[in-house]
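J.: Take a look at the following structure, please.
In my numbering, the protein residues as written are 2 to 216.
Below you can see the structure in the form of structure tokens.
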């Protein structure tokens with residue numbers, strides 16, 4: 002492992018697995034602080050601000066690889082996910098769900114996909130994808146245990162609506178100011194942009210078309 006990866010690892014281990022849980026202990030019983038963490042966690046799923054960003058650190062980066070995982074990537078918003086998980090677990094240890102509905106099926110999906118490791122020409126490339134899929138579960142666990150009320154759902158819908166508007170502004174800037182033909186937005190590739198906007202737009206559209214509700 003090169004020296005740069007050792008430096009990254011020296012940052013990742015204490016920040017993700019020490020500072021993250023400590024932050025969770027600090028915001029335990031503080032709804033406003035937890036809402037800020039949840040908001041940052043969700044907004045940072047776009048992985049950049051004004052261009053294709055990289056809000057995280059990658060170990061064993063393989064830039065020439067065309068797969069969706071080019072290394073063992075640690076996204077910064079996972080720090081907030083870990084903090085929320087710790088906060089909610091400490092607030093209600095019995096009510097906390099380590100395996101929310103659907104998470105067991107997701108785990109089975111990862112296990113089934115991991116069978117391809119046997120015949121993979123590059124096992125390390127496949128493990129990069131497994132690593133990414135496992136860490137993605139942190140977002141789901143944190144979100145499930147945080148969202149409890151209609152007001153929480155409303156906050157999420159408004160937040161992701163604003164995130165889509167921001168993404169649209171970035172795309173328009175790239176298209177008409179920078180004159181980029183295939184705009185990736187804040188993602189590394191336009192395919193990721195398309196998948197993200199479709200997945201997020203559907204619940205936002207459903208909420209907009211549905212009946213009005215009060216928190």
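C-beta atoms are modelled at their ideal positions from N, C-alpha and C, and glycine is treated no differently.
Thinking residue 104 and residue 138 are a contact (beta carbons under 8 angstroms), I'd like their distance in whole angstroms, please.
T.: Right, the Cβ-Cβ distance comes to about 7 angstroms (below 8 angstroms), so this counts as a contact.
J.: Near residue 213, which residues of its chain fall below 8 angstroms by C-beta distance, leaving aside the five closest residues on each side in sequence?
T.: Contacts found: none.
J.: Return the CA-CA distance between residue 199 and residue 125, expressed in angstroms with no decimal places.
T.: If I take the Cα positions, the gap works out to 30 angstroms.
J.: Is the CB-CB distance between residue 9 and residue 60 below 9 angstroms?
T.: For residue 9 and residue 60, yes; Cβs fall inside 9 angstroms.
J.: I'd like the list of long-range same chain contacts for residue 82, defined as Cβ closer than 6 angstroms, with 5 residues on each side in sequence excluded.
T.: Answer for residue 82: 42, 139, 140, 143, listed in chain order.
J.: For residue 146, count the other beta carbons within 10 Å of its own beta carbon; 16 or more makes it buried, fewer makes it exposed. Which is it?
T.: With 16 or more other Cβ atoms within 10 Å, it is buried.
J.: Would residue 182 be called buried (16 or more neighbouring beta carbons within 10 Å of its own) or exposed?
T.: Flag for residue 182 reads exposed.
J.: If you draw a straight line from the alpha carbon of residue 160 to that of residue 120, how long is it in whole angstroms?
T.: Approximately 42 angstroms between the Cα atoms of the pair.
J.: Along the chain, where does the beta strand (DSSP E) that runs through residue 57 open and close?
T.: Its beta strand (DSSP E) spans residues 57 to 60.
J.: Between the Cα of residue 5 and the Cα atoms of 156, 24, 62, which residue gives the shortest distance?
T.: Looking at the Cα atoms, 62 is the closest of the given residues.
J.: Just to confirm, is the Cβ distance from residue 173 to residue 185 under 9 angstroms?
T.: No.
J.: Put residue 79 into one of helix, strand or coil per three-state DSSP.
T.: It is helical.
J.: What does DSSP give as the partner residue(s) for residue 132 in the beta ladder?
T.: Paired residue(s): none; residue 132 is not in a bridge.
J.: Taking 8 angstroms as the cut-off, does the region 79 to 98 touch the region 11 to 29 (at least 3 CB pairs, one atom from each stretch)?
T.: Yes, the region 11 to 29 is in contact with the region 79 to 98.
J.: Given residue 188, which residues of its chain have a CB within under 8 angstroms of its CB, disregarding the five upstream and five downstream residues?
T.: Once the five neighbours on either side are set aside, the close Cβ partners of residue 188 are 47, 48, 49, 53, 194, 197.
J.: Please determine, among 130, 77, 168, the residue with the shortest C-alpha to C-alpha distance to residue 110.
T.: Comparing Cα positions, the closest option is 130.
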